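Report on one structure; see the data block that follows.
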Amino acid sequence: MAEPQLSVRSARARDLAHRLARRENRSVAEIVERALEFYESRETGREPAAVFYQRLSSSYGTDIDLDAVIGENRRPHAGPEL
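Here the numbering used here is used: the first residue of the sequence shown is 2, the next is one more, and so on.
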């Protein structure tokens, strides 16, 4: 039985996948799978940037100090228990 195939119409994507496959000594399918898995894990559960900035703007106004906003939620790590 034949393996399922992915059709990509972008010559640039095809060339990049083949170049990475040669450099990493892997198959093109492995390169594409790993790239898609990385993309999925990176993007899952994150809000889009536009929504994030809109939320910040509505919560803190137009002029915000990002260092202060980040610092509000930072907690020092107690370190390992010995």
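Every residue, glycine too, gets a C-beta built ideally from N, C-alpha and C. Nothing here was measured: the structure is a model prediction, and the numbers come from that model.
Worksheet item: So the alpha helix (DSSP H) Gly80 belongs to, where does it begin and stop?
Response: For the purposes of this step, residue 80 is taken as residue 79 along the sequence shown, with counting starting at 1. From DSSP, Gly80 is part of no alpha helix (DSSP H); its letter is neither H nor E.
Worksheet item: What do you get for Ile86, buried or exposed, if any count of 16 or more other CB atoms within 10 angstroms of its CB means buried?
Response: Here the chain has residues from 2 to 83 only, and residue 86 is not among them.
Practice prompt. Check each candidate in Leu57, Gln6 and Ser11 and name the one with the smallest Cα separation from Ser28.
Written response: Position 27 of the sequence shown, counted from the first residue, corresponds to residue 28. The residue among Leu57, Gln6 and Ser11 with its C-alpha nearest the C-alpha of Ser28 is Gln6.
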